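A.B. asks: Under the numbering used here, the first residue of the sequence shown is numbered 9, with each subsequent residue one higher.
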Amino acid sequence: MSEVFKNGRAASSGRLKGFYVFDSPEELFRTAARVMIELCYAEVARKGYFTVALSGGSTPLGLYAMLASDEFRERVAWKDIHFFWGDERCVGPDDERSNYGAALRALLSKANIPAGNIRRMRGEAPPKEAAEEYERGIREFFREMGAHGPSFDLVFLGLGEDGHTLSLFPGSGALTERERLVVESRSGKDGPARLTMTLPLINNSGVCAFLVSGHAKARILRAVMGDGSGRYPAGRVSPRSGNLVWFVDRGAASTLEGDGGTEG
Ligand code: 6PG
9 MSEVFKNGRA
19 ASSGRLKGFY
29 VFDSPEELFR
39 TAARVMIELC
49 YAEVARKGYF
59 TVALSGGSTP
69 LGLYAMLASD
79 EFRERVAWKD
89 IHFFWGDERC
99 VGPDDERSNY
109 GAALRALLSK
119 ANIPAGNIRR
129 MRGEAPPKEA
139 AEEYERGIRE
149 FFREMGAHGP
159 SFDLVFLGLG
169 EDGHTLSLFP
179 GSGALTERER
189 LVVESRSGKD
199 GPARLTMTLP
209 LINNSGVCAF
219 LVSGHAKARI
229 LRAVMGDGSG
239 RYPAGRVSPR
249 SGNLVWFVDR
259 GAASTLEGDG
269 GTEG
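1) Relative to the C-alpha of Arg230, which residue among Arg194, Leu167, Gly100 is closest?
2) Taking only three categories from DSSP, how would you classify Glu96?
3) Report the rounded CA-to-CA distance for Arg83 versus His172, giving the unit in angstroms.
4) Does ligand 1 have even one heavy atom less than 7 angstroms from the beta-carbon of Arg239?
5) How many Å lie between Glu196 and Glu185 at the Cα?
6) Select from His156, Ala139, Asp198, Pro200 the residue whose C-alpha is nearest the C-alpha of Glu192.
7) If I follow the unbroken alpha helix (DSSP H) through Ala182, where does it start and stop?
8) If contacts are defined as beta-carbon pairs under 8 angstroms, then Gly64 and Glu96 qualify, I think. What distance do you get, rounded to the angstrom?
9) Using a Cβ-Cβ cut-off of 8 angstroms (strictly less than) and excluding sequence neighbours within five positions of Val99, which residues of its own chain qualify?
10) Does the Cβ-Cβ distance between Leu4 and Ser221 come in under 8 angstroms?
11) Under a three-way DSSP split, which group does Ile89 fall into?
12) Give the range of the alpha helix (DSSP H) segment to which Met44 is assigned.
13) Is Ala123 buried or exposed, if buried means 16 or more other CB atoms sit within 10 Å of its CB?
14) Considering only residues of the same chain and omitting the five flanking positions on each side of Arg258, which have a CB-CB separation below 8 angstroms?
15) Can you tell me where the alpha helix (DSSP H) holding Gly70 begins and where it ends?
16) Alpha carbons only, please: which of Val232, Phe218, Arg227, Val256 is nearest the one belonging to Gly94?
17) Between which two residues does the beta strand (DSSP E) holding Met205 run?
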């Protein structure tokens with residue numbers, strides 16, 4: 009894996025892509041943490057900072073706990089990492105459903121991260137206003153950093169049992185957005201309002217990394233991996249960088265075993 013990041017994203021030959029199956033969720037999260045750290049060091053060496061968009065849901069909590077553990081916490085250049093969120097529920101930061109709140113409890117409160125490096129979506133604000141504000145913040149950040157455009161070094165993604173990722177749900181208008189970078193979304197007709205990065209932003213990233221764990225995801229993972237129609241939002245994640253990686257555990261890959269999944 010370290011070969012991939014000899015020069016970070018600059019290495020056109022360096023590719024982090026593929027499908028990695030791990031014996032346990034712990035091994036999945038350990039590798040995801042190592043990949044994030046390797047990519048971070050490569051990008052900080054190349055341009056002086058690293059940007060990551062965190063996913064919501066419960067799966068990434070295992071990664072956050074790993075990064076906050078004694079095994080990793082002191083190995084991370086926290087001051088050089090800028091944290092963003094790929095999506096958020098339209099609730100306050102103290103609400104138990106808040107993706108920011110979950111990451112704060114699991115990681116951000118346990119590592120020495122400068123407060124200015126943490127940029128949450130304001131779920132407590134009116135959704136349209138919060139989405140527009142977050143998009144402005146993303147554009148301003150990358151402009152101030154001298155980047156060519158909004159392009160995250162690493163975006164973590166989960167997989168919902170209906171094939172959604174972040175808050176891009178099947179059939180939602182957010183899924184077909186081509187201009188805006190952050191929009192309001194809903195899970196189903198009358199589901200709770202959410203905020204989500206859109207595919208134009210996600211697919212402009214250096215690396216998109218799916219984290220999928222547990223037998224409950226086996227059916228949808230097989231469906232997504234075998235579908236070329238784009239019916240599943242997760243299947244539309246296709247970064248122009250070519251760096252799309254799936255970190256899955258044996259439970260999630262249980263219906264794929266023997267299909268040539270790559271050992272992690
Ligand atoms: C969210 C996530 C969402 C999540 C999937 C999988 O805010 O809920 O962004 O897309 O990744 O629903 O959730 P689990 O990891 O909890 O299975």
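We put the beta carbon where it would ideally sit given N, CA and C, even for glycine.
Since the model is a prediction, treat every value here as computed from it, not as a measurement.
C.D. replies: This is what the structure gives:
1) Leu167
2) strand
3) 33 angstroms
4) no
5) Note on identity: in this sequence residue 196 is Gly, with Glu being the wrong assignment. Going by the C-alpha atoms only, they are around 17 angstroms apart.
6) Ala139
7) It is not in any alpha helix (DSSP H) - Ala182 carries neither H nor E in the DSSP assignment.
8) 7 angstroms
9) Arg105, Ser106, Gly131, Glu132, Pro200
10) This structure leaves residue 4 out entirely; the chain is present only between 9 and 272.
11) strand
12) 33-55
13) exposed
14) Val29, Phe30, Asp31, Ser32, Glu265
15) 68-76
16) Phe218
17) 201-205
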